[in-house]
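J.: Residue numbers (our numbering): 74 to 823. Got a structure for you, questions after.
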Ligand code: ADP
Ligand code: ZN
Ligand code: ZN
């Protein structure tokens, strides 16, 4: 037999699998990680095929092949279904197979940086350990250890050393006396705190939950089905996921639950751990390498059958998969922002179909795309139109900020919001204040000439950050590359002194809050305050346990959070996202506002929402205020039809990045010409192409790389695919100076 191996090197020259001999006594399987010679080096790779010697093509004589150097794990790291998945992703996202394979394994495992952790465990082997201990009057330390072990449970040395100083010597002595057995065991580095989790049981289900489960459980039992669960905020969707996962477990199957943000994992993990205990694993990028590696292996070895995690957890090696739930399915975060740019929802759909599992896409505000697909019959629509215990949806009041200014109110809070905040705090309840984007308006610009301070390496404005309210100068930061610089005192263009900051970032909201309500404790959640590993969980805990009364944050706090004592939500500036240059900006604004309103009044007390806007007449804001998804969908769907936007068309681009603007621009022109020539000789493709345009990317430079693109708008039709194949082939023109990416309906076109 000969093994075909894809080496873990991303380069077009080595994209195809290579053949290697299998040495005597080695038994690699498909999916095994191996070490193989490549040129003068040895590299890691994955076995993707096994062929008979006689089936080798004549140009590959057996004597020319080199043998596999060694196997890297005891078991194949990759399940066969995951290998198929990697092949599909490579084809769909136009990337080499080695790059798609990297998605499937923890990075620390690939690079060999992390090893399994071993620990010494001690257990007593005598019947009457307590009695033996009593007889050991002259060796108090040994007696103490024996008593600790008397219940028969093995304990690790590190656990014992917390109770007895330096227990090693004494344990050795006890082992020699035949009273204790020491053994090496593998330990899993755990991301869960020390505290024992409280176990919960299923509460009596609401009518809505029962109906939803009645429509979905038969499919789960039959190993099929794809559902769009549309349930209003607070309708109790989590309990539906728990019930589905519980049935999957009963059937001996596993489940994956995806949440859109790391900020939401602690809450979801708590729900699942309290119901299923250690059968739950968690996977996301904030774990340490060791924790991620160990959680991954607990899943691979079948110890944990339920996985909760962010986007990349869709690649969790769950065998015998029964269910995938995608919570808040409308979120952009399910589209990878790095290459390969996969869509976790598509990957989920494909995994479910291949592995005989049920797919549940869930949201209070489904994406236009998914809802349209449900109407077409691709998903079964399941609705939960009522909140748990018939609690009312929160009352939304829209405030016209132009009128506030006319009335002489220059604060970022309207009179109504201030009044509601006061009432809420007086009642001893909690509030959330929400801003669409961190520091959106805190760029520095000159009021004389309009100059805006931009990052030197990226083509975006820099944002002002201040540590404390009395920090007069602060510093400017670039959100793309992290560059930091001092704000200028005078305008570099016109030397005017009127260069100063505007606006209302999260920091400003917090400062103003403190001015209006001295002594009120606030928690701020934005990218700045949530850098640390457990920062999210800590801040949310602080708020959840009532140690702060007001939570101020960016989109991070819009989704999914469930705090029963929150009765007021304020949206400081609702129209910020409305003005973004993206055909989805209306959809996003509606989703954000509905989601954020849904954070209010989730328990007994009713909720109120104040939405501040400069565009109170905008239909999108009005639909969100009514929390009327259907009305919004109909409006937006017909706008997309007339404007020829997705899902009626397909947007794609060839993105060129490189250090020299001239090279990048020339490459972009060359791509454009190639496409035009192709279209001239392919009239059918030309007819399906609504637009082709070569242009600078909206963000022209990131981290010193210039960016140009060729944009395509195509009728979404199977016939469009030859053009997509051409685009994919054109990425092979990448060289050292220019990198070319092919992106189809990407998360952003920035
Ligand atoms: P959604 O995700 O639909 O917005 P959640 O799943 O967060 O809603 O549930 C909202 C609240 O209702 C939570 O506090 C949850 O504990 C509670 N809840 C859910 N189902 C039930 C039930 N059957 N009985 C009582 N309370 C419930
Ligand atoms: Zn100026
Ligand atoms: Zn920058």
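Just so it is clear, CB atoms sit at the ideal spot from N, CA and C, and this is done for glycine as well.
Can you tell me where the beta strand (DSSP E) with residue 453 in it begins and where it stops?
T.: Indexing the chain shown from 1 puts residue 453 at position 380. Start and end: 453-457.
J.: So is the beta-carbon of residue 126 under 6 Å away from any non-hydrogen atom of ligand 1?
T.: Position 53 of the chain shown holds residue 126. Residue 126 Cβ: outside cutoff for every heavy atom of ligand 1.
J.: For residue 734, does the three-state DSSP call read helix, strand or coil?
T.: Here residue 734 corresponds to residue number 661 of the chain shown, with the count starting at 1. Correct three-state label for residue 734: helix.
J.: Would you mind listing the alpha helix (DSSP H) stretches within the stretch 742-808 that are 4+ residues and don't spill past its ends, in chain order?
T.: 756-761, 794-803
J.: Would you say residue 436 touches ligand 1, meaning its beta carbon is less than 6 Å from a heavy atom?
T.: For the purposes of this step, residue 436 is taken as residue 363 along the chain shown, with counting starting at 1. False, no ligand heavy atom lies under 6 Å from that Cβ.
J.: Do you know how far the Cα of residue 133 is from the Cα of residue 127?
T.: The residue you call residue 127 lines up with position 54 of the chain shown. The residue you call residue 133 lines up with position 60 of the chain shown. Taking the straight line from one Cα to the other gives about 11 Å.
J.: Starting from residue 291, trace the beta strand (DSSP E) both ways and give me its first and last residue.
T.: Here residue 291 refers to the residue found at position 218 when the chain shown is read from its first residue. Unbroken run through residue 291 is the alpha helix (DSSP H), 280-295; no beta strand (DSSP E).
J.: So if DSSP puts residue 504 in a beta bridge, which residue, or which two residues, is it bridged to?
T.: Taking the chain shown and counting its residues from 1, the one referred to as residue 504 is at position 431. Answer is 623, 641, bridged to residue 504.
J.: DSSP puts residue 192 in a beta bridge; with which residues?
T.: Counted from its first residue, the chain shown places residue 192 at position 119. For residue 192, which the question treats as bridged, DSSP gives the partners 258.
J.: Is residue 503 near residue 364, with beta carbons less than 7 Å apart?
T.: As a working mapping, residue 503 is identified with position 430 in the chain shown. As a working mapping, residue 364 is identified with position 291 in the chain shown. The answer is no: Cβ separation not under 7 Å.
J.: Taking C-beta to C-beta, are residue 564 and residue 519 nearer than 7 Å?
T.: Sequence index remark: in the chain shown, residue 564 carries index 491 (1-based). Sequence index remark: in the chain shown, residue 519 carries index 446 (1-based). Yes, Cβ-Cβ distance for residue 564 and residue 519 is below 7 Å.
J.: Between the alpha carbons of residue 487 and residue 646, how many angstroms are there, rounded?
T.: Residue mapping note: residue 487 aligns to position 414 of the chain shown, counting from 1. Residue mapping note: residue 646 aligns to position 573 of the chain shown, counting from 1. It is roughly 11 Å from the alpha-carbon of residue 487 to the alpha-carbon of residue 646.
J.: Along the beta strand (DSSP E) that carries residue 119, what are the first and last residues, could you check?
T.: Against the chain shown, residue 119 aligns to sequence position 46. Note, residue 119: beta strand (DSSP E), 114-124.
J.: I need the boundaries of the beta strand (DSSP E) containing residue 816, first residue and last residue.
T.: Counting from one through the chain shown, the residue named residue 816 turns up at place 743. Residue 816 -> beta strand (DSSP E) spans 811-817.
J.: CB of residue 635 to nearest heavy atom of ligand 1: below 6 Å?
T.: Here residue 635 refers to the residue found at position 562 when the chain shown is read from its first residue. Within the cutoff, so yes.
J.: With distances taken from CA atoms, which of 644, 152, 618 is nearest residue 626?
T.: As a working mapping, residue 626 is identified with position 553 in the chain shown. Per the Cα distances, 644.
J.: Would you verify that the beta carbon of residue 245 is, or is not, closer than 7 Å to some beta carbon of chain B?
T.: Note that chain B does not occur in the displayed structure, where there is just one protein chain.
J.: State the CB to CB distance for the pair residue 198 and residue 252, rounded to an integer number of angstroms; the pair is presumed to be in contact (CB under 8 Å).
T.: Position 125 of the chain shown holds residue 198. Position 179 of the chain shown holds residue 252. Right, their Cβ atoms sit about 7 Å apart.
J.: DSSP on residue 669, reduced to helix/strand/coil?
T.: Translated into positions along the chain shown, residue 669 becomes position 596. Helix, per DSSP.
J.: Under DSSP, the beta strand (DSSP E) around residue 598 begins and ends at which residues?
T.: The residue labelled residue 598 in the question sits at position 525 within the chain shown. Start and end: 595-598.
J.: I want to check one thing, is the minimum distance from the CB of residue 276 to the heavy atoms of ligand 1 below 6 Å?
T.: As a working mapping, residue 276 is identified with position 203 in the chain shown. At least one heavy atom of ligand 1 is nearer than 6 Å to the Cβ of residue 276, so yes.
J.: Alpha carbon to alpha carbon, what distance is there between residue 578 and residue 826?
T.: The question about residue 826 has no answer here: the residues shown for the chain are numbered 74 through 823.
J.: Short of 6 Å in beta carbon distance, which residues of its chain neighbour residue 542, apart from the five on each side in sequence? Order them along the chain.
T.: Sequence index remark: in the chain shown, residue 542 carries index 469 (1-based). The pLDDT assigned to residue 542 is 49, lower than 50, so where the model puts this residue is not dependable; a value taken from the coordinates is nonetheless given after this. Cβ within range, chain order: 584.
J.: Tell me the DSSP secondary structure of residue 203 in three-state form.
T.: The sequence position of residue 203 within the chain shown is 130, counting from 1. Looking at residue 203 - three-state DSSP - the assignment turns out to be helix.
J.: State yes or no: is the C-beta of residue 674 nearer than 6 Å to some heavy atom of ligand 1?
T.: As a working mapping, residue 674 is identified with position 601 in the chain shown. For ligand 1, not one heavy atom lies less than 6 Å from the Cβ of residue 674.
J.: Roughly how far, in whole angstroms, is the beta-carbon of residue 158 from the beta-carbon of residue 106, given that I think they are within contact range, below 8 Å?
T.: As a working note, residue 158 is residue 85 in the chain shown. As a working note, residue 106 is residue 33 in the chain shown. With 8 Å as the limit, residue 158 and residue 106 do not qualify as a contact, their Cβ atoms being about 17 Å apart.
J.: Any heavy atom of ligand 1 closer than 6 Å to the beta-carbon of residue 310?
T.: In the chain shown, residue 310 corresponds to position 237, counting from 1. Yes - ligand 1 has a heavy atom lying nearer than 6 Å to the Cβ of residue 310.
J.: So does the stretch 486-501 actually touch the stretch 667-685, counting three or more Cβ pairs closer than 8 Å?
T.: yes
J.: Would you call the stretch 425-444 and the stretch 245-265 in contact, with 3 or more CB pairs under 8 Å?
T.: no
J.: Report buried or exposed for residue 805, applying the criterion of at least 16 other Cβ atoms within 10 angstroms of its Cβ.
T.: The residue labelled residue 805 in the question sits at position 732 within the chain shown. When all chains shown are included, residue 805 counts as exposed.
J.: Can you find a heavy atom of ligand 1 that lies under 6 Å from the Cβ of residue 306?
T.: Position 233 of the chain shown holds residue 306. Under cutoff, so the answer is yes.
J.: Span of the beta strand (DSSP E) holding residue 300?
T.: Working through the chain shown from its first residue, we reach residue 300 at position 227. 299-304 is the span of the beta strand (DSSP E), which, as asked, contains residue 300.
J.: Once you ignore the five residues that flank residue 630 on each side, which residues in its own chain have a CB closer than 7 Å to its CB?
T.: Within the chain shown, the letter at position 557 stands for residue 630. Here the set comprises 505, 507, 598, 624.
J.: From residue 219 to residue 212, what does the alpha carbon distance come to, in whole angstroms?
T.: Locating residue 219 in the chain shown gives position 146, where the first residue counts as 1. Locating residue 212 in the chain shown gives position 139, where the first residue counts as 1. Residue 219 and residue 212: Cα-Cα distance of roughly 11 Å.
J.: When you measure from the CB of residue 682 to every non-hydrogen atom of ligand 1, does any distance come out below 6 Å?
T.: In the chain shown, counting from the first residue as 1, residue 682 sits at position 609. Because no heavy atom of ligand 1 lies under 6 Å away, the Cβ of residue 682 does not count as near it: no.
J.: Closer than 8 Å is the cut-off here; do at least three beta carbon pairs connect the stretch 374-387 with the stretch 324-338?
T.: The answer is yes - the stretch 324-338 touches the stretch 374-387, with three or more Cβ pairs under 8 Å.
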